[in-house]
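Using this note's numbering, read the sequence shown as starting at 60 and increasing by one per residue.
A virtual CB, placed ideally from N, CA and C, is assigned to each residue, including glycine.
Remember, predicted model here, so these are calculated numbers, not experimental data.
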Amino acid sequence: MACTAQYAGVTVGEAALPLTAYANRCRARLTETARGLVSRAMESAAALGTQPHG
Numbered sequence: 060m061a062c063t064a065q066y067a068g069v070t071v072g073e074a075a076l077p078l079t080a081y082a083n084r085c086r087a088r089l090t091e092t093a094r095g096l097v098s099r100a101m102e103s104a105a106a107l108g109t110q111p112h113g
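This is the structure in structure tokens:
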């Protein structure tokens with residue numbers, strides 16, 4: 060989750076909220092969502108609804 064937080068320019072705690080919301084909307088487990096992000100099978104922007112922090 061730290062990489063996702065860094066991508067969005069937010070803290071890990073701040074990234075947890077949209078990731079949990081994304082998992083709930085998709086009816087997926089949070090661990091599955093995290094695994095998809097770590098393996099790069101899904102885009103961070105999809106879960107966070109953001110563009111990279113530059």
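Status (buried if at least 16 other CB within 10 Å, exposed otherwise) for T92: Counted from its first residue, the sequence shown places residue 92 at position 33. In summary, T92 is buried, with 16 or more beta-carbon neighbours lying within 10 Å of its beta-carbon over all protein chains present.
Limits of the alpha helix (DSSP H) - the one that G72 falls within: For the purposes of this step, residue 72 is identified with residue 13 of the sequence shown, where counting begins at 1. Looking at the DSSP string, the run of the alpha helix (DSSP H) that includes G72 is 71 to 84.
Closer than 6 Å: R88 CB and nearest the ligand SAH heavy atom: Absence of the ligand SAH from the depicted structure is noted, as is the absence of any ligand whatsoever, leaving it without description.
Terminal residues of the alpha helix (DSSP H) in which G95 lies: Counted from its first residue, the sequence shown places residue 95 at position 36. Counting along the chain, G95 sits inside the alpha helix (DSSP H) bounded by residues 89 to 97.
Nearest-angstrom Cβ-Cβ length linking A105 and L78, presumed shorter than 8 Å: Working through the sequence shown from its first residue, we reach residue 105 at position 46. Working through the sequence shown from its first residue, we reach residue 78 at position 19. With a Cβ gap of about 11 Å, A105 and L78 do not count as contacting.
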